[in-house]
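This note's numbering applies: residue 3 is where the sequence shown begins, and numbers increase by one.
The beta-carbon is built from N, C-alpha and C at its ideal position, and this holds for glycine as well.
Owing to the predicted nature of the structure, the values given are computational and were not obtained by experimental measurement.
First the structure, in the form of structure tokens, and then the observations on it.
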Amino acid sequence: MKAIAVEPGAGEPVLVETPRPDPAPGEALVRTLRVGVDGTDHEVIAGHHGNLPDGADRLVLGHEAVGVVEDANGTDLEEGQYVVPTVRRAPNGGNEYFERGEPDMAPEGKYVERGIVGAHGFMAEYFTSPAEYLVPIPERLAPLGFLVEPISITEKALEHAVASRSAFDWEPESAVVLGNGSLGLITLAMFETVLDIDRTYCLGRRDRPHPTIDLIEALGSTYIDSRETPVPEIPDVHEPADLVYEATGHAKHAFETVDALAPNGVGVLLGVPEPWEFEVDGGRLHRELVLHNKALVGTVNSHRGHFESAIDSLSQLPTWFTDDLVTGVYGLEEYQSAFDSDDDVVKTAVEFGGV
Ligand code: NAP
Ligand code: BGC
Ligand code: ZN
Numbered sequence: 003m004k005a006i007a008v009e010p011g012a013g014e015p016v017l018v019e020t021p022r023p024d025p026a027p028g029e030a031l032v033r034t035l036r037v038g039v040d041g042t043d044h045e046v047i048a049g050h051h052g053n054l055p056d057g058a059d060r061l062v063l064g065h066e067a068v069g070v071v072e073d074a075n076g077t078d079l080e081e082g083q084y085v086v087p088t089v090r091r092a093p094n095g096g097n098e099y100f101e102r103g104e105p106d107m108a109p110e111g112k113y114v115e116r117g118i119v120g121a122h123g124f125m126a127e128y129f130t131s132p133a134e135y136l137v138p139i140p141e142r143l144a145p146l147g148f149l150v151e152p153i154s155i156t157e158k159a160l161e162h163a164v165a166s167r168s169a170f171d172w173e174p175e176s177a178v179v180l181g182n183g184s185l186g187l188i189t190l191a192m193f194e195t196v197l198d199i200d201r202t203y204c205l206g207r208r209d210r211p212h213p214t215i216d217l218i219e220a221l222g223s224t225y226i227d228s229r230e231t232p233v234p235e236i237p238d239v240h241e242p243a244d245l246v247y248e249a250t251g252h253a254k255h256a257f258e259t260v261d262a263l264a265p266n267g268v269g270v271l272l273g274v275p276e277p278w279e280f281e282v283d284g285g286r287l288h289r290e291l292v293l294h295n296k297a298l299v300g301t302v303n304s305h306r307g308h309f310e311s312a313i314d315s316l317s318q319l320p321t322w323f324t325d326d327l328v329t330g331v332y333g334l335e336e337y338q339s340a341f342d343s344d345d346d347v348v349k350t351a352v353e354f355g356g357v
């Protein structure tokens, strides 16, 4: 079967032939329909994040997949059922995090991530997975099923942000998303349409006209250009934010988030930056966090429950938004286009089989 893989140092994905996998007991065989591409895939291709499976000389990419069960192999799944796979798997037969259903909380060494860290991904015509990591999705949502994984990332991030504010009466009225990439825009749409937060803002660094700025404004949100309004100035130019969601991977933003927050606010950090040294006034940030009851929460990955919530959130996103967000779904003959980062690209996917 065909698969899309990256070899260390190559800097771009290639189409390869690889044997079709056989499901082990407890696993189902899934025929892949579509697999999304995000900033992490670009970081993996560039060699900035992730690693190869033990003994492999390349990594099959892809962690945002939707497929259809081809062979249930005696599991509870049904052949023909549409499913979305979760990303993390247990190395060496399992551990307490996976047993508790919290693989997203496992520390390094206690997980692999399909298509990212130490395990082949879903960008292949077929993949196998333990049935417990395959989340059923209604047929009508299957064409957009590759958005479930990134939405699940935000479901988890919000759960942890809200939990950090659960000791008092906290109702966010203003929220800032840092980053107008696919994760930032999906999150902004959730803030506007699923959570119904009164006033939202989204930060980028693109000139008008730009499709992401059109999307931000069509959602009823306000675009902030970080070249004109640096993150710490957001409270003066706009307003302090009850909630900040960082999805730029720009390391300074983690610290600048503290200044963008309103008293009692929470900043949730998603970006995965390269090591980068710069100066911060640690004493002032410490004081600001303490004297204004602010919180910063880092969060990564998501578990099955977040995928189930994400399917519900996906069903609530307006069709015009997902139509404009997904700028390209490419067949295998033009798979390279799914990895372009031209100015008019927002979110792309590779299509392995018709939906
Ligand atoms: P992406 O497409 O690369 O988006 C990042 C966006 O941030 C881009 O639109 C970029 O703008 C913008 N940006 C970067 N620096 C900026 C600055 N100084 N001012 C304004 N805008 C800036 O990536 P993504 O898929 O949306 O993901 C976002 C980040 O979250 C990445 O770091 C990714 O690794 C991470 N991530 C984490 C998790 C998790 O579980 N924690 C899950 C998914 C993704 P330009 O395009 O104009 O440069
Ligand atoms: C994926 C997560 C993963 C994270 C770190 C993200 O792009 O969506 O599932 O945990 O990267 O590797
Ligand atoms: Zn991702």
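Straight-line spacing of the CA atoms in E66 and L143 works out to 14 Å. A165 and G300 have their C-alpha atoms roughly 13 Å apart. The beta-carbon separation of R208 and T202, rounded to 18 Å, does not stay under the 8 Å limit for a contact. Contact between the segment 64-81 and the segment 31-50 is present: three or more C-beta pairs spanning the two stretches fall below 8 Å.
In this structure, V274 is the residue among E281, V274, G355 and H305 with its C-alpha nearest to the C-alpha of G49. Closer than 6 Å to some heavy atom of ligand 3: that describes the Cβ of D40.
Bounds of the beta strand (DSSP E) holding E248 are A243 to E248.
Annotated as proximal: G64 and G123, with beta-carbon spacing under 7 Å.
With a 10 Å radius around the Cβ and a threshold of 16 neighbouring Cβ atoms, H288 comes out exposed.
The C-beta separation of H308 from S154 comes to about 4 Å, placing the pair in contact by the 8 Å criterion. Proximity to N97 across E110, P87 and V85 peaks at E110, based on C-alpha coordinates.
Per DSSP, the continuous beta strand (DSSP E) segment holding G269 begins and ends at L263 to L271. Buried is the label assigned to P87, since at least 16 other Cβ atoms lie within 10 Å of its Cβ. Bounds of the alpha helix (DSSP H) holding I236 are I236 to V239. Look at E219 here: in three-state DSSP terms it is helix. The beta-bridge partner set that DSSP reports for N53 consists of V119. Taken in chain order, the whole alpha helix (DSSP H) runs of length 4 or more contained in the segment 147-221 are 150-166, 184-191 and 213-220. Contact check for A191 against F323 passes: the beta carbons are separated by less than 7 Å. Minimum Cα-Cα distance from L185 among the listed residues C204, D198 and D171 corresponds to C204. Rounded to whole angstroms, the separation of the alpha carbons of A126 and Y84 is 16 Å. Going by DSSP, G284 is part of the alpha helix (DSSP H) stretching over G284 to L293.
Residue side-chain check: E194 keeps its Cβ at 6 Å or more from all non-hydrogen atoms of ligand 2. From the listed residues A108, G103 and D40, the smallest Cα separation to F341 is found for D40. For L316, the Cβ stays outside the 6 Å cut-off from all heavy atoms of ligand 1. In the three-state scheme derived from DSSP, where H, G and I count as helix and E and B as strand, K112 is classed as coil. For P93, the three-state secondary structure derived from DSSP is helix. Taking 6 Å as the cut-off, one finds at least one heavy atom of ligand 2 near enough to the beta carbon of N303. Each of H294, V357, H51 and L327 was checked against the Cα of V347, and the nearest Cα belongs to L327. The three-state secondary structure of I47, taken from DSSP, is helix. Here the alpha carbons of D244 and V233 stand approximately 14 Å from one another.
Following the DSSP letters along the chain, one finds A312 inside the alpha helix (DSSP H) bounded by residues R306 to Q318. Remark: C-beta atoms of I188 and P152 approach each other more closely than 7 Å.
When the beta-carbon positions are compared, L149 and L316 come within less than 7 Å of each other. For the pair T195 and I226, the Cα-to-Cα distance works out to about 20 Å.
For V16, the distance from the CB to the nearest heavy atom of ligand 2 is not below 6 Å.
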